[in-house]
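Taking it in order: structure first as structure tokens, then the write-up.
In this note's numbering, the protein residues as written are 330 to 878.
Quick look at the structure:
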């Protein structure tokens, strides 16, 4: 059934090619595994009902599966599954755990016959789980996370392996599940786990490779080294895994693994700290991330990844939080990063975002596509490109990239919020409501971890307002305004919330103050934002249009 669904969806893509978008056919498909009752030519039962509900949750052109299907298919078809969590659906007495199937890696029947399979046909698939921080200082967790990320990066350079992205595996952090279950859930054959203990200038790293299906140990090692040997240890772990899985390591791949990002361990530590801050998507954390990246550059002026980190932070601070950062400065920073290392997709993603803000939109597209060609799993590239598509009114394309951003980084609470906007613009209100509920779940989890993050609170307020939860929306919004009342991003999202709640004048008051402070890309976003539809017929709205000129 899963292969049949993939064949149908692939056939629809081929059918739609070259046809005007208004004439495209796009099916939503749901797959469930369960009992059914056959009555003559009819069949029914809870298993059928669940498949119907799953179909309603799928995106156009997509496939939604139950947990039973996810477990049964495993990694047999090379399907990637994006966990959407437990969902409450109509006429079902219990929540349904939903997965979206990414079918791009599954070979077609023709490819199977000819052997011309485009992606990972027989590659060993590996998930590197977050290494545990065994240091006495819990604040050192950023260091163990950084080790994990760099091992993932090293293994991702090996063409003979399929390696899950950082954001996918970090969604498993602190989940009390056995390795066999994790391997099945992630759809991989092998799992790497380990621990890091850092004390002064010494570090101990334990690493272990396990076969998912049998939970059998394949390889394990312990490394007691000086901190200055940290890059050598990472290389040894990556090479050992490649050797154990009997994968051929090409000369250029070996060189990429052995190439240390910096020779300065202190600079590396500051870079890891900055990366940890960056993953918490608030204004304060972006500022701290930028400061850490800048310190890394002071210690090593040739640290390409640190320059890319600053460019990404400045891009976000400028576009999302209204900082007065010149586009030319961001482009200069990306140029420095790429001059040192031309293979940094996040630098091209930041470049694309900056070029978009400068109105150089054709160049922006080229930069985004370059980033995605280098690394389709680059979260920044998918997320920024999706936002860019919204400003051009390309909503179907935006949905594709926002969905991919969610798959890559399941903790991204902003992407489902943007999808609500996109699906409303496409007239797909059922999908918009589905993603509004997903967004609220993710926002609640983010606020539990980081209650100081005002940005997530105001985005959650928009979703609650959209779903008609007036009092909760105002409560969330008031908490955000109390935390960051002067933040122009909070002000804009407050305006969206008030618009959805029917408080048009309060919304327009905020927008009149907001528009003169923002750049071109945010003004384009304003013009295409479905949250503001309730005020577009207001007598004061033409004044807002004037402010965008």
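Backbone N, C-alpha and C fix where the C-beta goes; we use that ideal spot for every residue, glycine too.
Between residue 426 and residue 631, what straight-line distance do the alpha-carbon atoms span, to the nearest angstrom? C-alpha separation (whole angstroms): 47 Å.
Using 8 Å as the limit for Cβ to Cβ distance, is residue 532 near chain B? Within the model displayed, chain B is absent; a lone protein chain is all it includes.
With DSSP collapsed to three states, give me the class of residue 872. Residue 872 falls in the helix class under three-state DSSP.
In this structure, how does DSSP classify residue 354 when only helix, strand and coil are distinguished? Residue 354 carries a coil assignment under DSSP once its states are collapsed to helix, strand and coil.
Buried or exposed: where does residue 865 fall if 16 or more other Cβ atoms within 10 Å of its Cβ makes it buried? That one is exposed.
Euclidean distance between Cα positions of residue 617 and residue 602: Across the structure, residue 617 and residue 602 are spaced so that their CA atoms are roughly 9 Å apart.
Short of 7 Å in beta carbon distance, which residues of its chain neighbour residue 585, apart from the five on each side in sequence? Order them along the chain. Excluding sequence neighbours, residue 585 sits near 486.
Per DSSP, cross-strand counterpart(s) of residue 299: Since the first residue of the chain shown is 330 and the last is 878, residue 299 is not available in this structure.
Residue 483 in three-state terms, based on DSSP: It is helical.
Give the DSSP-derived three-state secondary structure of residue 571 in the structure shown. Residue 571 falls in the helix class under three-state DSSP.
Residues bridged to residue 412 (per DSSP): DSSP lists 428 as partners of residue 412.
Around the C-beta of residue 444, are 16 or more other C-beta atoms found within 10 angstroms, so that it is buried, or is it exposed? With a pLDDT of 33 at residue 444, under the threshold of 50, the modelled position of that residue is not reliable, and the figure given next carries that caveat. Its Cβ having fewer than 16 others within 10 Å, residue 444 is exposed.
Roughly how many angstroms separate the alpha carbons of residue 360 and residue 566, rounded to a whole number? Separation of residue 360 and residue 566 (C-alpha to C-alpha, rounded to the nearest whole angstrom) is 39 Å.
Given this structure, state the Cα-to-Cα distance separating residue 847 from residue 869, to the nearest angstrom. If you take the alpha carbons of residue 847 and residue 869, they lie about 19 Å apart.
Reduced DSSP secondary structure (H/G/I, E/B, other) of residue 442: Note that residue 442 scores 32 on pLDDT, short of 50, meaning its location in the model is unreliable; the coordinates nonetheless yield the value given after this. Here residue 442 sits in helix by DSSP.
Can you give me the C-alpha to C-alpha distance between residue 876 and residue 822, rounded to a whole angstrom? Their backbone Cα atoms lie some 18 Å apart in a straight line.
Alpha helix (DSSP H) runs contained entirely in the stretch 590-641, provided each spans 4 or more residues: List check, alpha helix (DSSP H) in window: 594-607 and 612-628.
Our contact map puts residue 687 next to residue 656 with C-beta atoms below 8 Å; I'd like the distance itself, whole angstroms only. The pair is a contact, with the Cβ atoms about 4 Å apart (cut-off 8 Å).
Sequence-distant residues of its chain with Cβ nearer than 6 Å to residue 463 (five each side left out): Short of 6 Å from the beta carbon of residue 463, and not among the five residues preceding or following it, lie these beta carbons of its own chain, in chain order: 524 and 526.
Residue 454: first and last residue of the uninterrupted alpha helix (DSSP H) it sits in: Taken as a continuous stretch (DSSP letters only), residue 454 belongs to no alpha helix (DSSP H), being part of the beta strand (DSSP E) at 454-457.
CB-CB under 7 Å to residue 554, same chain, minus the five flanking residues each way: which ones, in chain order? Cβ neighbours of residue 554 beyond the five flanking positions: 532 and 562.
What are the start and end residues of the alpha helix (DSSP H) that includes residue 658? For residue 658, the uninterrupted alpha helix (DSSP H) segment begins and ends at 656-669.
Do the stretch 789-806 and the stretch 834-845 touch if we need at least three Cβ pairs shorter than 8 Å? In short, these stretches do not touch, since the Cβ pair count stays below three.
Alpha-carbon to alpha-carbon, residue 667 and residue 414: Between the alpha carbons of residue 414 and residue 667 lies a gap of roughly 38 Å.
Buried/exposed call for residue 773, threshold 16 Cβ in 10 Å: Residue 773 should be labelled exposed.
Assign residue 759 to buried or exposed, taking buried as 16 or more other Cβ atoms, counted over all protein chains shown, within 10 Å of its Cβ. By the 10 Å Cβ count, residue 759 comes out exposed.
Among the candidates 639, 535 and 786, whose CA atom is the shortest distance from the CA of residue 813? When only C-alpha atoms are compared, the closest one is 786.
For residue 572, does the count of other Cβ atoms within 10 angstroms reach 16, so buried, or fall short, so exposed? Counting of Cβ neighbours within 10 angstroms places residue 572 among the exposed residues, the total staying below 16.
Mind checking residue 430: buried by the 16 CB within 10 Å criterion, or exposed? Buried is the call here.
Per-residue DSSP class, three states only, for residue 465: Looking at residue 465 - three-state DSSP - the assignment turns out to be coil, as it is neither helix nor strand.
In this structure, does DSSP put residue 331 in helix, strand or coil? Here residue 331 sits in helix by DSSP.
Euclidean distance between Cα positions of residue 690 and residue 369: Straight-line Cα distance between these residues: approximately 59 Å.
Terminal residues of the continuous alpha helix (DSSP H) containing residue 373? Taken as a continuous stretch (DSSP letters only), residue 373 belongs to no alpha helix (DSSP H), being part of the beta strand (DSSP E) at 371-373.
Less than 8 Å between the beta carbons of residue 751 and residue 724, yes or no? It is a contact, given that the beta carbons lie within the stated cut-off.
Tell me whether residue 543 sits in a helix, a strand or coil according to DSSP, three-state version. Residue 543 carries a coil assignment under DSSP once its states are collapsed to helix, strand and coil.
Output the distance between the C-alpha atoms of residue 607 and residue 376, rounded to the nearest integer angstrom. Across the structure, residue 607 and residue 376 are spaced so that their CA atoms are roughly 43 Å apart.
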